[in-house]
Ligand code: ADP
Ligand code: MG
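Structure representation (structure tokens):
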């Protein structure tokens with residue numbers, strides 16, 4: 409996969425370069441760099457979100473309100489997400505869990521503003537999301553989301569500079585601070601190809617956090633890592649969250665990862681993606697694996713994902729154990 413893929417995934421909105429970019433004092437070193445700026449700007453556009461006509465009275469930071477999303481290819485219309493409603497509160501670790509193809513990435517891209525909704529609305533702080541903005545930053549699964557011609561520090565600085573969020577001195581300061589937080593201070597001057605997969609993901613996380621986004625969006629960020637590194641990255645993400653208390657929306661297809669990473673888990677069913685249930689998972693953490701409660705929650709989610717009929721019967725007559733994990737049946 410060539411690297412620009414991560415910045416040009418299907419469904420991304422290709423925006424033309426902002427006029428301020430053309431007036432940037434420093435010319436780009438290469439065509440590739442200018443193209444990168446285009447891609448990043450389409451993600452970190454400085455345009456403020458347009459306030460919705462009905463400002464939500466809800467206290468949720470991020471609200472997905474009966475959202476359906478269709479992909480139209482020629483005469484075919486594919487409904488990827490059907491009337492999904494979710495509320496994400498500040499400092500929550502919200503997980504979207506579901507099998508491949510159930511619309512997790514689509515929903516996350518809609519939150520980021522890369523994919524338009526067909527019906528319903530997404531609101532951030534009461535204002536309707538109508539495109540990408542620097543208040544939402546995404547971390548992808550692919551290791552090649554870092555431009556290879558920039559050093560690690562330059563990679564972290566780049567969106568801050570490209571979106572004019574900070575000047576050079578502050579961008580550098582923030583880059584060094586967040587690289588320290590992900591344990592990569594010693595690697596600030598190397599290029600991405602000199603890093604392991606886990607280290608590249610740490611750089612992507614540092615780059616995202618350095619933007620101080622209102623919401624950090626992560627699309628299966630650890631799925632391509634080996635099991636041990638993945639576990640380590642989950643630990644590090646939770647430690648970062650303990651320290652910084654950012655608001656996280658995290659996509660995974662792993663039940664175990666959802667239970668460990670999330671404080672709340674939304675379970676999606678496929679074709680089209682609908683919300684099946686929501687589970688409070690505050691009680692579970694890195695040390696919970698193997699406990700009876702963890703196994704019970706794991707099995708309950710498994711049933712919801714793969715055996716919906718039985719899950720319905722089980723949940724209806726199983727109020728005590730449902731209460732233990734705060735399970736709320738949605739459909
Ligand atoms: P997930 O992330 O849960 O695996 P996706 O959001 O990637 O699911 O996809 C949901 C559905 O939408 C799938 O059926 C997929 O094939 C379809 N889809 C995703 N992206 C596009 C696209 N750009 N054009 C058409 N269909 C798409
Ligand atoms: Mg996906």
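Residue numbers (our numbering): 409 to 739. The beta-carbon is built from N, C-alpha and C at its ideal position, and this holds for glycine as well. Here the structure is a predicted model, which is why all the values come from computation and not from measurement.
Helix, strand or coil at residue i [DSSP, three-state]
i           : result
residue 552 : helix
residue 560 : helix
residue 482 : coil
residue 671 : coil
residue 710 : helix
residue 686 : strand
residue 525 : coil
residue 518 : helix
residue 472 : strand
residue 574 : coil
residue 718 : In this prediction, residue 718 has a pLDDT of 49, which is less than 50 and means its spatial position is unreliable; nothing more can be read from the coordinates.
residue 698 : coil
residue 507 : coil
residue 630 : coil
residue 658 : strand
residue 493 : strand
residue 619 : coil
residue 533 : coil
residue 692 : coil
residue 545 : strand
residue 740 : This structure does not reach residue 740, given that the chain is present from 409 up to 739, and the question cannot be answered.
residue 635 : helix
residue 624 : strand
residue 499 : coil
residue 681 : strand
residue 580 : helix
residue 653 : coil
Short Cβ contact (9 Å threshold) for residue i with residue j
i           : j           : result
residue 470 : residue 496 : yes
residue 489 : residue 511 : yes
residue 526 : residue 476 : yes
residue 669 : residue 503 : yes
residue 759 : residue 610 : The chain is shown only over 409 to 739; residue 759 falls outside these bounds and no answer can be derived.
residue 752 : residue 555 : Residue 752 cannot be examined here, being either before or after the span of the chain that is shown, 409 to 739.
residue 653 : residue 687 : no
residue 596 : residue 537 : no
residue 683 : residue 676 : yes
residue 492 : residue 539 : no
residue 680 : residue 506 : no
residue 565 : residue 580 : yes
residue 614 : residue 590 : yes
residue 472 : residue 518 : yes
residue 553 : residue 612 : yes
Of the residues the options, the one placed nearest residue i, counting alpha carbons only
i           : options               : result
residue 588 : 575, 617 and 602      : 617
residue 621 : 524, 542, 708 and 644 : 542
residue 551 : 713, 602, 584 and 585 : 602
residue 522 : 533, 546 and 605      : 546
residue 498 : 486, 696, 534 and 491 : 534
residue 692 : 486, 483 and 501      : 501
residue 697 : 664, 481, 579 and 569 : 664
residue 638 : 614, 625, 615 and 608 : 608
residue 598 : 494, 558 and 650      : 558
residue 468 : 494, 481, 474 and 479 : 494
residue 524 : 575, 480, 710 and 562 : 480
residue 643 : 606, 661 and 625      : 606
Burial state of residue i (16 or more Cβ within 10 Å)
i           : result
residue 530 : buried
residue 714 : exposed
residue 635 : exposed
residue 689 : buried
residue 582 : buried
residue 657 : buried
residue 633 : buried
residue 655 : buried
residue 672 : buried
residue 740 : Any property of residue 740 remains undetermined from this structure, which presents the chain solely from 409 to 739.
residue 712 : buried
residue 700 : exposed
residue 532 : buried
residue 486 : exposed
residue 483 : exposed
residue 685 : buried
residue 577 : exposed
residue 647 : exposed
Neighbour flag for residue i against chain D, beta carbons, 9 Å
i           : result
residue 487 : The question asks about chain D, but that chain is absent: this structure has only one protein chain.
8 Å contact criterion, which residue i and residue j should meet: CB distance rounded
i           : j           : result
residue 645 : residue 705 : Not quite, the Cβ-Cβ distance comes to about 20 Å (not below 8 Å), so this is no contact.
residue 548 : residue 627 : 5 Å
residue 573 : residue 619 : 6 Å
Residue i CB to nearest heavy atom of ligand 4 below 8 Å
i           : result
residue 660 : In the structure on display, ligand 4 does not appear, and the ligands it does have are ligand 1 and ligand 2.
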